[in-house]
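**Q**
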Amino acid sequence: MKQTLVYKILAGHLVEGKIASGEEIGIRIDQTLTQDATGTTAFLLFESMGAGRVKTALSVSYVDHNIAGFGPENQTDHIYLQTAAAKAGVYHSRAGNGICHQVHLERFAKPGATLLGSDSHTPTAGGIGALSIGAGGLDVAVAMGGGPFYLTCPKVLGVKLTGKLADWVAAKDVIFKLLSELSTKGNVGWVAEYFGEGASGLTVPQRATITNMGAELGVTTSIFGSDEQTRKFLAAQKREKDYQPMAADEDAEYDRVIEINLGKLKPMAACPSSPDNVKTVAEIAGIQTGQVIIGSCTNSSFSDLMMVAKVLKGRRINNMVEFSIAPGSREALNMLAENGALSDIISAGARVLESGCGPCIGQGLSPAEEVVSLRTFNRNFLGRSGTPSDQVYLVSPETAVASVLTGRITDPRELPKLFGIEYPKIEMPGEFVINDNMIEKPLSEKEAAKAEVIRGPTIVVPEAPTRLPDKLQGQVLIKCGDKITTDHIMPAGRFLKLRSNVPEYAKVVFHCFNEKDKPTFAERALELKKKGTAGVIVAGESYGQGSSREHAALCPMYLGVRAVIAKSIERIHRANLINFCIVPIVFVQPGDYERVKLGDRLQIDGLLKAIEGSDEVVIADKTSSFEFSGRLELSDRDRRILLSAGLLNYTRSKANER
Ligand code: MIC
Ligand code: SF4
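In short: position in the sequence shown from 1, add 130, done, that's my numbering.
1) How about Arg679: is its Cβ closer than 6 angstroms to a heavy atom in the ligand MIC?
2) Name the residue from Ala198, His195, Val190, Gly226 whose alpha carbon lies nearest to the alpha carbon of Gly219.
3) For the alpha helix (DSSP H) that Gln232 lies in, which residues bound it at each end?
4) Comparing alpha-carbon positions, which option in Ile699, Tyr280, Thr650, Asn196 lies nearest Gly674?
5) Check whether the Cβ atoms of Lys791 and Gly276 sit closer than 7 angstroms, and answer yes or no.
6) Rounded to whole angstroms, what's the CA-CA distance from Ser223 to Gln232? Just pull it up for me.
7) For the alpha helix (DSSP H) containing Arg761, name the first residue and the last one.
8) Could you give the uninterrupted runs of the alpha helix (DSSP H) lying entirely in the segment 386–437, keeping only those of 4 residues or more?
9) Put Leu77 into one of helix, strand or coil per three-state DSSP.
10) Are three or more beta carbon pairs between the segment 502–510 and the segment 519–531 nearer than 8 angstroms?
11) Just checking Ser426 against the ligand SF4 - is the residue's beta carbon closer than 6 angstroms to any of the ligand's heavy atoms?
12) Run the CB neighbour count on Met131, radius 10 Å, all protein chains shown included, and call it buried at 16 or more, exposed below.
13) With a floor of 3 residues, list each beta strand (DSSP E) that falls wholly inside the segment 312–354, ordered by position along the chain.
14) Going by other Cβ atoms of all chains shown within 10 Å of its Cβ, with 16 needed for buried, is Phe789 buried or exposed?
15) Nearest-angstrom Cα distance between Arg369 and Ile564?
16) Going straight from the alpha carbon of Ile209 to that of His641, what length do you get?
17) With three or more C-beta pairs closer than 8 angstroms as the rule, is the segment 702–709 touching the segment 759–778?
18) DSSP state of Asp751, grouped into three classes?
19) For Tyr523, name the three-state secondary structure that DSSP assigns.
20) Under 7 angstroms, do Val632 and Pro621 count as touching if we go by C-beta distance?
21) Three-state secondary structure (DSSP) at Ile608?
22) Suppose you measure from the CA of Leu211 to the CA of Val272; what does that come to, to the nearest Å?
23) Hey, out of Glu561, Asp566, Ala478, whose CA is closest to Ala532's CA?
24) Mind checking who Tyr280 pairs with in its DSSP beta bridge?
25) Mind pulling the alpha helix (DSSP H) runs of 4 or more residues that sit fully within the segment 136–186?
26) Excluding the 5 residues preceding and the 5 following Glu413 in the sequence, name in chain order all residues of the same chain whose CB lies nearer than 7 angstroms to its CB.
27) Is Glu653 helix, strand or coil when you go by DSSP?
28) Below 6 angstroms, is the gap between the Cβ of Asp194 and the nearest heavy atom of the ligand MIC?
29) Using 8 angstroms as the Cβ pair cut-off and three pairs as the minimum, do the segment 565–577 and the segment 436–445 touch?
30) Measuring only from the beta carbon, is Ser250 closer than 6 angstroms to any heavy atom that is part of the ligand MIC?
31) Considering only heavy atoms of the ligand SF4, does any lie closer than 6 angstroms to the CB of Ile229?
32) Please classify Arg704: is it buried, with 16 or more other beta-carbons within 10 angstroms of its beta-carbon, or exposed?
33) Opposite Phe453 in the DSSP bridges: which residues?
34) Look up Val190 in the DSSP assignment and give the residues it is bridged to.
35) Count Cβ pairs between the segment 338–358 and the segment 246–258 that sit closer than 8 angstroms; are there 3 or more?
36) Could you name the residues of the same chain whose beta carbon sits closer than 7 angstroms to that of Leu573, not counting the 5 residues immediately before and after it, in chain order?
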């Protein structure tokens, strides 16, 4: 059969199962990446598995999220990660060296390789032809120890690109187009594979913008083939040896094909507060903006920033706009500094931030209450900026720079008319300026044996889950609606520094739903836990969308939550729930969602038996006196993990068997 590129790479890495959509498969992982906000837990769990040295071809630990250093927690994490990585045989990219996905694309990602990362935007590396998947830290820790990664063999969506982007229309507009058609819901179990002559015309950084934001569709990953563009990029990064051409077979069969004519696209924006709330920029043009930020792992490459510098050269930003740039990597920042473009950006009035996630994850630059903020990021969930009622629009760098000059949302195609600016075509540099001196090499096995791992006092080893009872007696602690993101469940922003301390971080579970002068979710949950009653979360469609943060399972688990009953649950979050022994249950009749009320006492008899071999459980609502059915969408492995009290225990018991 003619194969898609995704299936070729999966088949080449298959260790368990068979390649057919819907089947559970285990694949060998070549590379892993962790970042600091998920990485401390990943490394603590890796250490507690007793795995010693990593068994992958390459593992890299990045520090990019928690770098502002308000209080001792951030640097304590960095020191721990640096020493733990060195001992475990892992490369370590230090704070300031850049955002994990950007740096990985530049320095490490390889066409045809598998990459598992503890961050949902790991598919950025799909821009170079790597099969790259985001997962929870514990799954990554297991892969670091040489274990396979298990996933449902996906369906493949072919995205056929034709034509060529017009001037001022960007790669970001391609993914906006797709988000406007497919939305952020209902794409679980799919991957997006891009092909066609339009795809061949896109550079690797452009492709990476598209695969990065595929995360917002909720697909398992997104990928482009590896071709002449890929070779050129790798050669310019002095890594041509990593190049190999990769493509789907001609006439490969896709489960669905969508065609996008690049030539017909217009500048677009994701309006507040969801990445799929897409409109054309022309439709929203004229809205006053008070903040513009260019950065994040989606749109902060050297080429993006060069375009911005060329537009700004000799000009001044609008006096009512606060403008910042956060280059994605130190490589990009350094090159802008060397060629003078940074000076053009600074002279125009930009504030230059560190190379890191920064405002994308609410680390500073929260807008004022009424201010419209334009960002080249990938997520605009309400409150993620740090301002609870924020109005964040996601745009391309082209739209951002046009708007920073006018102070209003501006279609960049107006720039020639408004300011006489011609579209600056940015050629990919023939050679990037390479400087890896902020990437620490791991210690040799001999040196590592003697090396100490420094774990400071703000790092607390997370508690392991306990076994599930056969008769689950619980109470509904919260009833939420559709599209609850992991940002709702576990806020980042000013709480991000608590990632290495679950008892502290757990205090802010569902923080955005807590009401003044009323007990918080955490207080109510702990009260129940003391009485031996399980906490239950009830939710609508697409529960747990967004990030890979396993704290959205780990912290509720710590508070005594044992089940989530929702209309649907997103892939990474669902896996995290199982890994931390919380049972994911899907309403068989979506109408039952309406009947279950906050505070209802629920009972499931024979839960363990059901997990062992059934696809359904019967849930008795003791308060409202009715029963309803819940679906258990579990693979055999999921069942074994739940019955072993979570992935860590399961991995340990498998190791003991061996
Ligand atoms: C995000 O963009 O939400 C993050 C912060 O990068 C997360 C990871 C995390 O919460 O640490 C992600 O995308 O997985
Ligand atoms: Fe960092 Fe934002 Fe990218 Fe997440 S989406 S990795 S917070 S830059």
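Just so it is clear, CB atoms sit at the ideal spot from N, CA and C, and this is done for glycine as well. In this text the structure is predicted, and so the values were computed from the model without any measurement.
**A** Taking the definition as stated:
1) Position 549 of the sequence shown, counting from 1, holds the residue named residue 679. Yes - the ligand MIC has a heavy atom lying nearer than 6 angstroms to the Cβ of Arg679.
2) Residue 219 sits at position 89 when you count from the first residue of the sequence shown. Selected option, being the one with the closest Cα: Val190.
3) Residue 232 sits at position 102 when you count from the first residue of the sequence shown. Its alpha helix (DSSP H) spans residues 230–237.
4) Reading the sequence shown from its first residue, position 544 is the one you call residue 674. Looking at the Cα atoms, Ile699 is the closest of the given residues.
5) Residue 791 lies beyond the residue range present for the chain, which begins at 131 and ends at 788; the question has no answer from this structure.
6) Residue mapping note: residue 223 aligns to position 93 of the sequence shown, counting from 1. Residue mapping note: residue 232 aligns to position 102 of the sequence shown, counting from 1. Going from the Cα of Ser223 to the Cα of Gln232 covers about 12 angstroms.
7) Indexing the sequence shown from 1 puts residue 761 at position 631. First-last for Arg761: 756–761, but that is the beta strand (DSSP E), not the alpha helix (DSSP H).
8) 411–414
9) Outside the displayed range of the chain (131 to 788) lies residue 77, so it cannot be described from this structure.
10) yes
11) Taking the first residue of the sequence shown as position 1, residue 426 is located at position 296. Checking every heavy atom of the ligand SF4 against the Cβ of Ser426, one is found closer than 6 angstroms.
12) Your numbering for residue 131 matches position 1 in the sequence shown. Exposed: under 16 other Cβ atoms inside 10 Å.
13) 320–325, 351–354
14) Outside the displayed range of the chain (131 to 788) lies residue 789, so it cannot be described from this structure.
15) In the sequence shown, residue 369 corresponds to position 239, counting from 1. In the sequence shown, residue 564 corresponds to position 434, counting from 1. Their Cα atoms are separated by approximately 11 angstroms.
16) Counting from 1 along the sequence shown, the entry for residue 209 is found at position 79. Counting from 1 along the sequence shown, the entry for residue 641 is found at position 511. For Ile209 and His641, the distance between alpha carbons rounds to 29 angstroms.
17) yes
18) As a position in the sequence shown, residue 751 is number 621, starting the count at 1. Strand.
19) The sequence position of residue 523 within the sequence shown is 393, counting from 1. Three-state result, Tyr523: strand.
20) As a working note, residue 632 is residue 502 in the sequence shown. As a working note, residue 621 is residue 491 in the sequence shown. Contact flag unset, no.
21) What you label residue 608 is simply residue 478 of the sequence shown in a count that begins at 1. In the structure shown, Ile608 sits in a strand (DSSP, three-state: E or B).
22) Counted from its first residue, the sequence shown places residue 211 at position 81. Counted from its first residue, the sequence shown places residue 272 at position 142. Cα to Cα, Leu211 sits roughly 17 angstroms from Val272.
23) Taking the first residue of the sequence shown as position 1, residue 532 is located at position 402. Taking only the C-alpha atoms, the option nearest Ala532 is Ala478.
24) In the sequence shown, the residue the question calls residue 280 occupies position 150. Tyr280 is bridged to Gly156.
25) 166–178
26) Here residue 413 refers to the residue found at position 283 when the sequence shown is read from its first residue. If we look at Glu413 and ignore the five residues flanking it on each side, it has no Cβ neighbours.
27) If you number the sequence shown from 1, residue 653 lands on position 523. Residue state, collapsed to three classes: helix.
28) For the purposes of this step, residue 194 is identified with residue 64 of the sequence shown, where counting begins at 1. Asp194: no, Cβ never under 6 angstroms from the ligand MIC.
29) no
30) Residue mapping note: residue 250 aligns to position 120 of the sequence shown, counting from 1. Because some heavy atom of the ligand MIC lies under 6 angstroms away, the Cβ of Ser250 counts as near it: yes.
31) Counting from 1 along the sequence shown, the entry for residue 229 is found at position 99. Result yes, Cβ under 6 angstroms from the ligand SF4.
32) The count along the sequence shown starts at 1 and reaches residue 704 at position 574. Per the 10 Å Cβ criterion, buried.
33) Position 323 of the sequence shown holds residue 453. Per DSSP, Val422.
34) Position 60 of the sequence shown holds residue 190. Leu163, Tyr221.
35) yes
36) Mapped onto the sequence shown, residue 573 falls at position 443. These residues qualify, in order along the chain: Ala216, Lys217, Ala581.
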